[in-house]
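Per our numbering, the very first residue in the sequence shown carries number -11; after that it's consecutive. Here is the structure we will look at.
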Amino acid sequence: MHKFFFNYNNLTEKYELSLYKGNFFNNKINIQAEKTLLPEIQKDIQNLYETVVSIKEIIKDEDNLLILDKTELMISNLYYSIFASPLELVDKEISPNKIKEYLQNALSVITKIESEINIPEYNRLASLIKNNLQIIFNSLN
-11 MHKFFFNYNN LTEKYELSLY KGNFFNNKIN IQAEKTLLPE IQKDIQNLYE TVVSIKEIIK
49 DEDNLLILDK TELMISNLYY SIFASPLELV DKEISPNKIK EYLQNALSVI TKIESEINIP
109 EYNRLASLIK NNLQIIFNSL N
């Protein structure tokens, strides 16, 4: 498992996950950021996974299903690479009428995750997930 640090980004005025140790704040602030930021990232990735799996059950287009399969695998890899544990499988029912709303929600969650993680290889994976979800959203219009 990697060793992560929490740095304060002055541009966004938020803490973010990083591989580099910042020496601007004392250790108590970094521990506080760890207790709030890591569970939030974990919850967001789990929520994103559940939404994508639910959307997969509704969409019938073969091309979109292939994209969703790849996206599901990328989300699982992102989660495992950060937390070294697998995602929980939970049944989540969504109505077929609200699929665009769920895709918009998934896009906002992945954008949030992308802003909270400042590690290039994880940000690249988050960007690929976001692009896949955007492709599916655009194909539904």
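Glycine included, C-beta positions come from ideal geometry on N, C-alpha and C.
Opening and closing residue of the alpha helix (DSSP H) in which residue i lies
i    : result
P108 : 108 to 128
Three-state secondary structure assigned by DSSP to residue i
i      : result
I105   : strand
P74    : coil
E81    : coil
I43    : helix
K31    : helix
D49    : coil
M(-11) : In this predicted model, M(-11) has a pLDDT of only 44, less than 50, meaning its place in the structure is not dependable; the value taken from the coordinates is given anyway. M(-11): coil per DSSP, three-state reduction.
Exposure of residue i, with buried meaning 16 or more beta-carbon neighbours within 10 Å
i    : result
I46  : exposed
I70  : buried
V78  : exposed
E38  : buried
N120 : buried
E60  : buried
L56  : buried
N106 : buried
I33  : buried
L128 : exposed
Presumed contact (8 Å Cβ cut-off) between residue i and residue j, rounded CB distance
i    : j    : result
E102 : S115 : 7 Å
K118 : I98  : 5 Å
L113 : L66  : 5 Å
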